[in-house]
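Counting along the sequence shown from 1, when you hit position 61 you're at 61 in the UniProt record's numbering, and nothing is skipped either side. Glycine residues also receive a C-beta, built at the ideal position from the N, C-alpha and C atoms. Structure first, commentary second.
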Amino acid sequence: MGEAKRKTYAAAFKAKVALEAIRGVKTVNEIGQEHGVHPVQVGQWKKEILEHAGTLFETKRGRKPADDQSAPERLYSEIG
């Protein structure tokens, strides 16, 4: 018999469904039925967003850290 293939969902879809669950306007069962996703999966996506919400703002903008090699050493290695 053939193996059942798992569905894969885009990150944007997961975020949309999870945020809807976080808002709490509808139950997880209603959201799952509306989007064709098992309610347990909706709950897992919701939990994942809540656990990782703090890391969304950790990325600092600006200059990127320098490479391990200093610029002159890297340039000398390029020209030989």
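With three or more CB-CB distances shorter than 8 Å, the stretch 39-47 counts as touching the stretch 7-19.
If the five residues before and after L19 are omitted, its C-beta is found closer than 8 Å to the C-beta atoms of I49, all from its own chain and listed in chain order.
Counting only runs of 4 or more residues that sit fully inside the stretch 3-66, the alpha helix (DSSP H) segments are 11-23, 28-35, 39-52, in chain order.
If you draw a 10 Å sphere on the C-beta of V40, you find fewer than 16 other C-beta atoms in it, and that means exposed.
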